[in-house]
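A quick write-up on the structure given underneath.
Protein chains in written order, with the UniProt record's numbering: chain A, 1 to 320; chain B, 1 to 320; chain C, 1 to 320; chain D, 1 to 320; chain E, 1 to 320; chain F, 1 to 320.
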């Protein structure tokens, strides 16, 4: 049963994914379970299990599918689920795990295919070979890695989706400025965040557990630069090409306080920065406004400089 | 004779435009003229007129065409022109003034036509009417106004060129993000800098003489917002549309310290900001690198955050 | 019964205003009411209603007058009210709602009268007419609007009180600097915050519920400038006067990061800024120190840059 | 002859004060003198002495009165004086040195008298005694010290003039806020900058030659605090009074980066800061606009945050 | 029994110090005690006293030694003590209070002795006398004062320990730079924080209760400067020596926003700043890493600019 | 003849090094040479060659030794050399080039030897091997490279001198904090700036001509990290050691705006930063004060945050 269809006092039952689970104590000595569950639409509801006798809390964890029976109650003017029965999903339930995972709207295979097509558009053989080699190295991890822990594109396959959309943007924008070297631009886009796969530790659901030790001590920009260095040596890439691509990675956050000790010094590096930013912002803004009604404001959003976005009431006149 | 073909000790002669002229004193009591002249390619050279007896300095000013005869000398390892003879260009010389003016690479008529086509793509009738009315009001001034005094697009028709290129960018970028309301985006692009025609006082060569008093006390963002307000009242435009477009103008510099007291709160305002920035940067970078040889650095550029850009030696592999 | 006279274990009874009310759950499944009530001195106390059976929580809200009976208890070394009985105030109780509202120390009528007297001191007929027209437009809302949601003068009639005190300050300070144009100064003071009545949505108790949509997208400075623009057109006010008054509104926060894209460029705008600041600070400091004993510190105050003020022990030697 | 009456090619003669004098070399080996002179209105003009043979340059210095004869020439569209004859002023010339000095518009005696009257209004005997003692200590220096080297009130008696005007402001502003302790406020105003007489080394013309060593290593705020400390010990002043007045001196620049490690923590310290600022700004703005025509802008002013002020064309309607 | 040896469900008993104690209410009307206790290793555990009937809460306070009996329970995967019995420690228990206090690893007597030895190395008689006098004045308080409330060296005798270690550093570093005047350096180190004994109010356990009024209004830097001023007058110390030492105190935080209105202008002041910083950082880092395993990260530390430090897994190869 | 012994009107003759040379024009059409020369003490004087007929200006360049004859003249109260004769130094003159070069006070051989001794103190074999390999790679360049273009240690062998002094500091400071891993600290000190030899292009006199292209696009921190990466692969160094040393290089400027995207996360990295800073500051301060008299101030120094340092008049009481 879909969470958005719940009504007060209704008896409900269905399959859900645990998003958060915590044992709590009541002041009269007993304990209860505070739990958040989500359905296939990724909508969430909070619930309580007042009697947790005999539940093996090591089995019930975030990311686990469960079958739930309970009653919808009103608490502080919000819905809350009084959970009467809960058990782990079994094979015979025939529930598809993938349906409960927030993921990119395009399949990873499709996106990987598209990115290879873009790499194929690179004319300079060394730039192409280098880009191909590094992308192949990361292909498996990219099929599920998100682009961030809590910021934009924090979904399964999010990093891949971000790269692919940036390549589209890069192609369109460079069609307007004919002095742009698209070899450099495409290579820069493909490579710019590849080492996030080494900076973060993510599982196959696209959920980041933590940053790696090297990620904390060096960061993906520095990791990416040394990876390019290594592969360039192996492939005997020209020194200037190596240096320019390393510079693009180094400068793509633009500001020193965001991790780029050098500002972009070539137009392709400048574009890379803005394409990265635009895609992050468009993703975040679209998501922030997705459940907002026309004529009202979204909640304050820390990934968007603390802004509370507005949705116009006259909508997308042009798109429909 | 073209300046880039000058050689040491050569006698030269030709028609040039004065870019800078100044009377100076030598310490032994005499005076001489320090002058910069430019040819049709907009290349410049410094020259000296040691004997300025009888020259009417009120006639010789920046922006004036002159016929010059002189000799190329070496001074501190640079070329300098020892000017022996100089006179004002006369009608019989058959020199075309326009050839000496830095101007947009597309004719103003052509650009105005293209912008009208974009306005025609706006679906919402009120947004279209408002945009049309304000653009028409400024059409004459736009045919020659630059976009800035010293920064990007400071050429004749520069503001028009900036708007037109931004519209191209807007169309391409919004084709990737389908939730973008292109009515708002196109209107925002057309309107965002229109009041620069009131903020600055420019002549028909596209040269800014000064900022207007209102420009100094209010600035083009505030001027633009009150202009929209006035026209919306005249046309009985819907309040929300007025407010949202005013918000787009208000927020398009993004940062308070650059003149925007509110940050963008709708995705179209966010895009407007980045499209504006990208076009300014691409214009400035292209220009900064135009005379730089591959493998070397341009001069420090204050319009580009003080950067000294690099030009790769392997060039535009993809564009040739 | 006054809250400051309560004693431990005392049985109390009286009329109070609800300031905050919230339903809470106890961990054994039951619910109770957490409530803050205030008396006519605006002193507050927290209370609990352990048995809320049958209370219509839609009727009991912040800003409502109630009759309360209960017992004062000690909890964590502070007083807390165990509420045994609570009901809504009825007409027959003969309780005056106004007595429970934090309001300016002078009546709105009196303040409005004084401000008209100041406007009358303006000599230049256009400046006077413009100021009069805009002030009249807002007179009704001003009779109850506060000057802010949580900062200084957040009381009923607070905005009016702020304007009136600023006019007093303006008259006194300009008596020392004879080059100041008091027409501009008085007009600037009256107009500077008028559009807060459009930026915020407040009820007749002077309590701000929220900011308006236009307030969030444009802000009172921009709203004020367009209002001046409109009225100037209607009254055919001289362009320079319009522009200078708009500049005063625009620059009165002085710093770009506080909403003023232009710094004050005339002495009257400079004074307006400091008079605004002084009155806000004196109001806030007086209030912050009002319940502090001599020789000790007030609590940290976020409206005063996070400062914890000190009250000297030797007091106001000069005032009494 | 007054400088503002000079005309091109005119022969002039008169008594002037040297404001700047410098020996320069011409490139053919000779030397000449570049000199600025001012008349009684403090207007200045630049001049050249091409033949400086036999001039004793140790005698001709800034601040010296001279008799000058020469001819007004046009150079780069500005007036310049070709000085033919120059000699030191002699007693028999009957020129009054004082007439050439930029000084406060009120006599030092008068200002000192007024400040004593204010000190007399202090009620608390210890605050009065302390203020009196410190002011007496500095009375002689104050009769000519400026308030700054290059910023506001950099004229003879400028510090005294600043203190006196601040006291007027303090009296007027505190009449509006009755919780202000005027004893503290008056004492704080008198004491706040007294140690500038130790921080800077100024001559009796009110010209600052340099900062003292102690001024550079400690600064007038710290110097003032230790002076108060010393005198409080000598006079057995109450500890809290000492501490509070030291705090007022310490915090009167408000911001750490302007020299105040503590922000004001009492209302009187807050007012002291704003009164100081207002008087500095009003002085500087009045001066910056003094030679500006209505409807135009003053030059960029570094003492006023780099602003270029505007003078309205409709003037002081109220003061005429 | 040591806390680090506790196991789930174990019955325990022992002597502990109360670190935090609070009465709380359960929602069913009852109250219980939430308490933190520490053992001699300064390890802490949280406990609950569900039945606090008859406990005199005025006697049980932070810093008090108690005898505790209870059972270790598991709550939210952490240990929690269910306290069954608690009483105050009595003389007959023979528990040594000092064992429970976090203190410097060297005895105060020993440190005081060492500091006197350093003062003895000062050659210039006036610098030595001044330093000796001020240090003697503070000797008693220094025997237990910490260096800060919550930052580095916040332990009994911490300020003394900080000074002593800084003197060691000063001696070693100045042995490399022979132009350093060690008289000034040693004096500066001894004096730099002495007035923290006036800025903070600490008890003999080295726990800071609060800042003093003077500490809040002036701060230890200003307090230190006036103390030096007073003693220099009493001892007739040379003006330059006084001024230079005051400058060292004034500038030792280096940055205005950290309380130093002047930056260091002599090399000894520069060194003082860095020696102070190094000792604070080494102390804080050593402590932050003390319970961290090799190859992992410490918790975020606000005294260390919010960093989460890393401990290498290959350890101190050189020290073992 | 030594420059510091020159007197006005004296005829002088001697061997000097050219420090700056420039052809200039006099306004009457002729040219002359403006030149700075230095003696063996590195003292400098400005001179003019009024008649440069027949001088081959390609031969006379900065860094060249010349024999000069001329007369000392007074110009603007400073000494200036009227150069009558100048020629290049010849072999038969028997002048030692080295004597005219600003260089470290210890021979490069001696410093290299000392650094090898420090490397030998490293216990961990991999850390030692890595450090040794990288140091050997750079040994030749280090024998003359300065540490900076215009900042501290900008002398021949300056980088070596900086490293060696830092190692001394590191040894002394780590003797006080026994938890410091000296292997890491020594390795970090040796490696931290090694890639400055790739970032800058310097000649064998230790004069930096320019930054390299890679230096401008990446900078020595990034260059150093990739060099460590390469050598670690070649030597099969343990991953954690590589990562930790790269982190030390990355973080040694501490602040992002100075080029360190990560702050130090291990104590050895923290110490490396402060040791680097202390040595740079002590070098710069010693130099800035070297020609200043006691009781007066040095000139404003941009390498020292714009400070004007003070030299006490009581000098180094302890070192004499």
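Every residue, glycine too, gets a C-beta built ideally from N, C-alpha and C.
Being a predicted model, the structure only gives us computed values, none of them experimental.
Legend: CB atoms of the region 295-308 of chain E lying less than 9 Å from CB atoms of chain A belong to residues 295, 296, 297, 308. For residue 169(E), the uninterrupted alpha helix (DSSP H) segment begins and ends at 158-174. Under the Cβ distance rule, residue 216(C) counts among the residues neighbouring chain A, one pair being separated by less than 8 Å.
Here residue 97(C) is exposed, its C-beta having fewer than 16 other C-beta atoms within 10 Å.
Judged by DSSP in its simplified three-state form, residue 293(F) adopts coil rather than helix or strand.
Taking a Cβ-Cβ threshold of 9 Å, the residues of chain E close to residue 243(D) are 213, 214, 217, 218, in chain order. With respect to residue 241(C), residue 126(C) sits close: the two C-beta atoms are nearer than 8 Å.
Short of 6 Å from the beta carbon of residue 3(F), and not among the five residues preceding or following it, lie these beta carbons of its own chain, in chain order: 39, 43, 45. Remark: three or more beta-carbon pairs, one from each stretch, lie closer than 8 Å, so the region 260-279 of chain B and the region 284-296 of chain A are flagged as touching. In the three-state reduction of the DSSP assignment, residue 312(B) falls in the coil class. Apart from sequence neighbours up to five positions away, the residues of its chain that approach residue 228(C) with a beta-carbon distance below 8 Å are 130, 134, 191, 242, 245, 246, 249, ordered along the chain. Closer than 8 Å at the C-beta level to chain F, one finds these residues of the region 152-175 of chain E: 165, 168, 169, 172, 173, 175.
Each of 311(B), 1(B), 290(B), 307(B) was checked against the Cα of residue 296(B), and the nearest Cα belongs to 311(B). Contact check for residue 100(A) against residue 65(A) passes: the beta carbons are separated by less than 8 Å. Counting only residues of its own chain and dropping the five nearest sequence neighbours on each side, residue 72(A) has a CB closer than 7 Å to the CB of 6, 7, 8, 9, 10, 12, 79, 81.
For residue 153(F) and residue 161(F), the gap between their C-alpha atoms comes out near 8 Å. DSSP, read as helix, strand or coil, puts residue 192(E) in coil. Contact check for residue 169(D) and residue 278(D): beta-carbon distance about 7 Å, within the 8 Å limit, so the pair qualifies.
DSSP links residue 80(C) through a beta bridge to 73(C). Residues of chain D whose Cβ lies closer than 7 Å to the Cβ of residue 246(E) are, in chain order, 218. With contacts defined by Cβ atoms closer than 8 Å, residue 83(D) and residue 61(D) do not form a contacting pair. For residue 305(E) against residue 1(F), the beta-carbon gap comes to about 56 Å, at or over 8 Å, which does not count as contact. Setting aside the 5 residues that flank it on each side, residue 219(E) is surrounded in the same chain by 199, 259, each with a C-beta closer than 8 Å to its C-beta; the list follows chain order. Taking 8 Å as the cut-off, the Cβ atoms of residue 224(A) and residue 195(A) count as close. Here residue 167(F) has 115, 118, 186, 189 as same chain residues with Cβ atoms under 7 Å from its own Cβ, once five neighbours each way along the sequence are excluded. DSSP lists 20(C), 46(C) as the bridge partner or partners of residue 36(C). Residue state for residue 241(D) is assigned as helix, using DSSP reduced to three classes. Chain A has a Cβ within less than 8 Å of the Cβ of residue 310(E).
Closer than 8 Å to the CB of residue 263(A) there is at least one CB belonging to chain B. The residues 144, in chain order, have a CB closer than 6 Å to that of residue 204(E) in the same chain once the five nearest residues on each side in sequence are set aside.
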